[in-house]
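*Asks:* The number in my numbering is simply the position in the sequence shown, starting from 1, with 3 added.
Ideal Cβ positions, reconstructed from N, Cα and C, are used throughout, including at glycine.
Predicted model only: the values in this text are computed from it and were never measured.
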Amino acid sequence: MADIDDAALATCTLTLNLLTQLRKSGALTEEQISEIFADSIRQHRSVATDENLAAASFLESARISVEAQ
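(1) Starting from ALA10, trace the alpha helix (DSSP H) both ways and give me its first and last residue.
(2) Hey, GLU63 and ASP8 are a contact pair by Cβ (cut 8 angstroms); roughly how many whole angstroms apart?
(3) Report the three-state DSSP secondary structure of LEU31 (helix, strand or coil).
(4) Which of helix, strand or coil does DSSP assign to VAL50?
(5) So, GLN72 versus THR18, is the Cβ gap smaller than 8 angstroms?
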C-alpha cells in the first residue's frame with residue numbers, strides 16, 4: 004500500500020484535531036463523530052487509489068484515537 008501524501012496527511016491531521024476539540028467541547032456527540040469518520044473512510048475507499056486507501060487506514064486509526072479520548 005502507498006504512503007499517504009503530505010497534503011492528505013495534513014488534511015487528515017487537521018480533521019482529527021478539529022473533531023477531537025469538537026468532541027471535548029460537547030459540540031458533537033460520539034455518534035456524530037463516528038458517522039463523520041465512517042463517511043470519510045467510505046469516500047476514500049470508494050476511489051480505491053493506493054493513496055486513498057492509505058488515507059482511509061489513517062482515518063480508521065484516528066477514529067480509534069478520538070473515540071478513546
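*Replies:* Taking the structure as given:
(1) It spans 9 to 28 - the alpha helix (DSSP H) in which ALA10 sits, taken as one unbroken run.
(2) Not confirmed; about 18 angstroms, so no contact.
(3) The three-state secondary structure of LEU31, taken from DSSP, is coil.
(4) In this structure, DSSP gives VAL50 a state outside helix and strand, which the three-state scheme calls coil.
(5) No. Outside cutoff.
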